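Numbering (my numbering), first residue to last: 2 to 649. Yeah, the Cβ is synthetic: ideal placement off N, Cα and C, and Gly gets one too. The structure displayed is predicted, hence computed values, not measured ones.
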């Protein structure tokens with residue numbers, strides 16, 4: 002295989018005045034600060050008990066009993082409970098999670114339990130929507146120092162899933178409440194709670210609540226002294242396959258009135274944006290993949306360096322890729338990179354398993370924790386494999402004949418997070434050096450700073466347009482009478498969108514990389530083998546007698562996200578007597594406890610958690626609601642739901 006020179010990194014330049022961007026953002030955000038209703042300063046809640054029950058249909062049934070202590074001579078009529086029915090989903094801001102609340106009921110032994118609901122109002126400048134439940138009689142005042150209320154309701158769309166498990170990640174209470182002296186949340190889920198975590202404090206706090214326990218399958222969370230401005234967020238893990246509606250109900254992001262006005266002004270930039278898009282189109286034509294001309298997909302000519310080539314658009318290629326009955330002659334991480342331009346959690350996991358199959362290391366499943374033991378570092382072939390092993394075991398692993406056995410837990414101290422980043426970079430460099438890619442594009446964690454700068458350009462445009470729209474709405478249109486501002490705005494509406502679309506378009510096109518003809522042929526072979534693993538039944542699998550087919554194809558099944566299917570096929574082969582039901586030699590745990598399904602899922606899950614470590618995250622909501630409460634991603638105020646309460 003010929004070696005091509007490694008493409009050098011493009012020089013980076015600084016774009017967009019940071020102070021201007023910051024100033025515009027501060028002004029725009031200041032304009033959109035909502036004025037929220039606050040509870041009376043003397044109010045507090047003696048106790049707040051919540052009971053959550055998740056049924057098999059994924060509905061969340063809630064019952065809240067709270068003892069509200071009103072201030073002296075309060076003259077209040079009752080309380081207002083705000084329940085979030087819509088909030089932004091994730092930090093990208095493109096979708097909102099919608100929670101449907103029904104079956105509302107209120108009772109009280111010592112105060113009026115009549116209530117009204119209002120779902121029409123949005124808080125100024127926010128996308129978050131609330132169902133406002135106003136409890137009390139306008140013609141009747143609370144005479145006692147305290148009043149007890151029981152509020153029940155049902156929520157649809159409260160759950161989320163990671164694939165390996167489902168969970169209720171929920172803001173039980175948001176920041177807009179008075180001081181709550183004693184707070185308790187009990188959660189029952191189908192199959193019993195598998196794990197329980199909770200977080201208390203300001204939004205994004207990782208501080209745990211006072212206690213999170215599981216008894217007889219019921220998760221209980223307790224916390225004393227939840228102050229105004231703090232959240233209580235709980236997380237309960239549910240075994241997979243036990244609930245039906247286990248994903249959030251997502252809709253296109255809502256838009257505030259001020260933002261809609263700003264977008265209307267942005268229409269002035271459509272023409273220049275179209276011109277920028279044409280420039281991107283011309284650039285993309287020059288970055289199309291190369292292919293060998295006149296040969297079937299996956300075929301490598303005898304002299305690939307002299308064979309004629311042609312450029313084709315990936316998305317326009319309709320040629321059927323022939324099925325391949327064996328893996329392509331290249332490392333599994335490179336195959337993953339060539340197929341989708343990424344080296345992520347699956348590729349890292351596949352490489353670790355491949356090293357185990359080849360005898361470099363051994364693996365075992367220790368109660369859900371994957372441990373690795375280095376046994377023969379001399380069998381490594383690539384520099385990126387050596388770096389991966391060093392990231393897992395330490396630099397001592399690079400000694401050719403270590404005097405001691407090195408053993409590590411894979412998810413310990415962020416090892417895989419570092420290993421993923423280095424593997425992404427080194428595999429891209431190696432694939433480019435071998436002449437399989439002309440441009441590696443953005444792989445794994447690399448290139449994000451350039452993307453952030455490109456995004457900042459668009460942010461300047463949209464913030465400027467939106468802010469000027471808000472000024473017009475607020476009656477400051479006289480500012481645009483000034484010639485300088487008017488001409489600046491008109492010029493910016495043409496120049497800035499043109500530059501933004503073109504630069505970002507180039508960045509997007511560049512992210513995916515560009516395959517050489519040899520790289521395209523090997524990609525076809527990898528996709529053909531993926532088709533084989535993804536469609537072949539057990540009686541169609543071809544292998545030699547005595548061949549450890551499970552181990553040899555397992556790294557590829559992991560990289561192709563076909564792990565469960567491959568394990569199921571191998572179980573059928575064992576049942577048919579075509580494969581001996583033995584423990585693979587690279588597994589050094591208890592042979593009696595080896596389960597290929599459990600091991601493969603645990604291996605993938607550990608790598609995904611270490612790789613993603615996603616930061617997640619409105620009256621009463623702390624932030625966006627995407628992510629998981631487990632795997633290091635949990636934060637106060639970042640679950641679903643939420644809401645606050647005050648007296649009236």
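Next item on the list: Locate the alpha helix (DSSP H) running through residue 335, then write down its first and last residues.
Entry: Locating residue 335 in the chain shown gives position 334, where the first residue counts as 1. Taken as a continuous stretch (DSSP letters only), the alpha helix (DSSP H) holding residue 335 covers 333-341.
Note to self: Among the candidates 546, 501, 332 and 109, whose CA atom is the shortest distance from the CA of residue 386?
What the structure shows: Here residue 386 is taken as the residue at index 385 of the chain shown, counted from 1. Out of 546, 501, 332 and 109, the CA that lies nearest to the CA of residue 386 is found in 332.
Margin query: DSSP three-state label for residue 475, please.
Written below: One-based indexing of the chain shown puts residue 475 at position 474. Unreliable placement is indicated for residue 475, whose pLDDT of 46 sits below 50; the coordinate value is still reported in the next sentence. Looking at residue 475 - three-state DSSP - the assignment turns out to be coil, as it is neither helix nor strand.
Margin query: In the DSSP output, which residue or residues are listed as bridge partners for residue 325?
Written below: Along the chain shown, read from residue 1 onward, the residue named residue 325 stands at position 324. DSSP output for residue 325 lists no bridge partner at all.
Item checked: alpha helix (DSSP H) segment containing residue 567, residue limits -> Taking the first residue of the chain shown as 1, we reach residue 567 at position 566. Residues 564-576.
Notebook entry, point to check: So what's residue 165 in DSSP terms, helix, strand or just coil?
Noted result: Your numbering for residue 165 matches position 164 in the chain shown. DSSP places residue 165 in coil when its eight states are reduced to three.
Notebook entry, point to check: Got a sec, what are the start and stop residues for the beta strand (DSSP E) residue 108 sits in?
Noted result: On the chain shown, residue 108 is found 107 positions in, with the first residue counted as 1. Run containing residue 108: 101-108, per the beta strand (DSSP E) assignment.
Notebook entry, point to check: For the stretch 388-396 against the stretch 412-421, are there 3 or more C-beta pairs whose distance is under 8 Å?
Noted result: Contact between the stretch 388-396 and the stretch 412-421 is present, because at least three Cβ pairs lie under 8 Å.
Note to self: With DSSP as the reference, identify every bridge partner of residue 136, one or two as the case may be.
What the structure shows: Taking the chain shown and counting its residues from 1, one reaches residue 136 at position 135. Paired residues: 80 and 116.
Checklist line | Limits of the unbroken alpha helix (DSSP H) element including residue 559 | finding: Translated into positions along the chain shown, residue 559 becomes position 558. If you look at residue 559, you'll find it in the alpha helix (DSSP H) that goes 550-560.
Check: Looking only at its own chain, which residues have a Cβ that is under 6 Å from the Cβ of residue 106, when we skip the five neighbours before and after it?
Finding: Start at 1 with the first residue of the chain shown, and residue 106 comes out as number 105. Excluding residues within five positions, the ones whose Cβ falls inside 6 Å are 153.
Check: Could you give the residue range of the beta strand (DSSP E) that holds residue 421?
Finding: As a first step, residue 421 must be located in the chain shown, where it is residue number 420. It is not in any beta strand (DSSP E) - residue 421 instead sits in the alpha helix (DSSP H) that spans 416-434.
Next item on the list: Put residue 352 into one of helix, strand or coil per three-state DSSP.
Entry: Position 351 of the chain shown, counted from the start, is the residue given in the question as residue 352. Under the three-state reduction of DSSP output, residue 352 falls in the helix class.
Next item on the list: Provide the residue(s) that pair with residue 313 in DSSP beta bridges, ordered along the chain.
Entry: Taking the first residue of the chain shown as position 1, residue 313 is located at position 312. Answer is 290, bridged to residue 313.
Notebook entry, point to check: Taking residue 592 as the reference, which of 598, 599 and 583 has the closest Cα?
Noted result: Taking the chain shown and counting its residues from 1, the one referred to as residue 592 is at position 591. Among 598, 599 and 583, the Cα nearest to that of residue 592 is on 583.
Item checked: residue 581, buried or exposed, once every other Cβ within 10 Å from all chains shown has been counted against 16 -> What you label residue 581 is simply residue 580 of the chain shown in a count that begins at 1. It counts as exposed.
Next item on the list: Quick one: residues in its chain with C-beta nearer than 7 Å to the C-beta of residue 573, no 5 flanking neighbours on either side, listed in chain order?
Entry: By one-based count along the chain shown, residue 573 stands at place 572. Shown here for residue 573: same chain residues with a beta carbon closer than 7 Å to its own, the five before and five after excluded, namely 539 in chain order.
Checklist line | Rounded C-alpha distance that separates residue 76 from residue 140 | finding: Here the question's residue 76 lines up with position 75 in the chain shown. Here the question's residue 140 lines up with position 139 in the chain shown. Taking the straight line from one Cα to the other gives about 11 Å.
Item checked: Strand pairing of residue 154, partner residues [DSSP] -> In the chain shown, the residue the question calls residue 154 occupies position 153. Checking the DSSP bridge columns, you'll see residue 154 partnered with 63.
Margin query: Quick check on this structure: which residue in 553, 560 and 645 has the alpha carbon closest to the alpha carbon of residue 528?
Written below: By one-based count along the chain shown, residue 528 stands at place 527. It is 560 whose Cα lies nearest to the Cα of residue 528.
Check: By a C-beta neighbour count over all protein chains shown, 10 Å radius and 16 as the cutoff for buried, is residue 570 buried or exposed?
Finding: Counted from its first residue, the chain shown places residue 570 at position 569. Only buried fits residue 570, as 16 or more other CB atoms lie within 10 angstroms of its CB.
Check: Hey, residue 81 and residue 440 are a contact pair by Cβ (cut 8 Å); roughly how many whole angstroms apart?
Finding: Indexing the chain shown from 1 puts residue 81 at position 80. Indexing the chain shown from 1 puts residue 440 at position 439. Not confirmed; about 58 Å, so no contact.
Next item on the list: Kindly list the residues whose CB is nearer than 8 Å to the CB of residue 250, restricted to its own chain and excluding five residues on each side of it in sequence; keep chain order.
Entry: The residue labelled residue 250 in the question sits at position 249 within the chain shown. So the qualifying residues of the chain are 98, 99, 100, 101, 157 and 158.
Note to self: Can you check which of these residues, 187, 88 and 599, is closest to residue 255 by C-alpha distance?
What the structure shows: In the chain shown, residue 255 corresponds to position 254, counting from 1. Relative to residue 255, the option among 187, 88 and 599 whose CA is nearest is 88.
Next item on the list: Could you check what DSSP says for residue 142 in three-state terms: helix, strand or coil?
Entry: The residue you call residue 142 lines up with position 141 of the chain shown. Assignment of residue 142 by DSSP, reduced to helix, strand and coil, places it in the coil class.
Next item on the list: Please determine, among 95, 129, 526 and 520, the residue with the shortest C-alpha to C-alpha distance to residue 310.
Entry: Counting from 1 along the chain shown, the entry for residue 310 is found at position 309. When each option's Cα is compared against that of residue 310, the closest is 520.
Margin query: I need the straight-line Cα distance from residue 645 to residue 179, nearest angstrom please.
Written below: As a first step, residue 645 is located in the chain shown; it is residue number 644 there, counting from the start. As a first step, residue 179 is located in the chain shown; it is residue number 178 there, counting from the start. Between residue 645 and residue 179, the C-alpha separation is close to 9 Å.
Checklist line | DSSP bridge partner residues for residue 200 (one or two, in chain order) | finding: The residue labelled residue 200 in the question sits at position 199 within the chain shown. As computed with DSSP, residue 200 is found in a beta bridge with 209 and 234.
Checklist line | Stretch pair the stretch 343-362 + the stretch 553-568: three plus CB contacts closer than 8 Å | finding: Contact between the stretch 343-362 and the stretch 553-568 is present: 3 or more CB-CB pairs across the two stretches fall below 8 Å.
Next item on the list: Over the uninterrupted beta strand (DSSP E) stretch that includes residue 528, give me the two end residues.
Entry: To locate residue 528, count along the chain shown from 1; it is residue 527. Note, residue 528: premise wrong, no beta strand (DSSP E); alpha helix (DSSP H) at 518-536.
Item checked: Per-residue burial, residue 635 [other beta carbons within 10 Å of its own, 16 or more giving buried] -> The residue you call residue 635 lines up with position 634 of the chain shown. Residue 635 is buried by the Cβ-count criterion.
Checklist line | Cβ separation of residue 155 and residue 109, assumed to be a contact under 8 Å, to the nearest whole Å | finding: Counting from one through the chain shown, the residue named residue 155 turns up at place 154. Counting from one through the chain shown, the residue named residue 109 turns up at place 108. Their Cβ separation, rounded to whole angstroms, is 20 Å, which puts residue 155 and residue 109 out of contact at 8 Å.
Next item on the list: Can you tell me which of the three DSSP states residue 371 falls into?
Entry: The count along the chain shown starts at 1 and reaches residue 371 at position 370. In the displayed model, residue 371 falls within a strand according to three-state DSSP.
Check: When we look at the beta-carbon of residue 113 and count the other beta-carbons within 10 Å, is it buried (16 or more) or exposed?
Finding: Within the chain shown, residue 113 is the residue found at index 112, counting from 1. Sixteen is the threshold: when 16 or more other Cβ atoms of the shown chains lie within 10 Å of the Cβ of residue 113, as they do, the residue is buried.
Check: Grouping DSSP H, G and I as helix and E and B as strand, with all else coil, what is residue 249?
Finding: As a first step, residue 249 is located in the chain shown; it is residue number 248 there, counting from the start. Reduced to three states, the DSSP call for residue 249 is coil.
Check: When we look at the beta-carbon of residue 525 and count the other beta-carbons within 10 Å, is it buried (16 or more) or exposed?
Finding: Along the chain shown, one-based indexing puts residue 525 at 524. Buried, by the Cβ-count rule.
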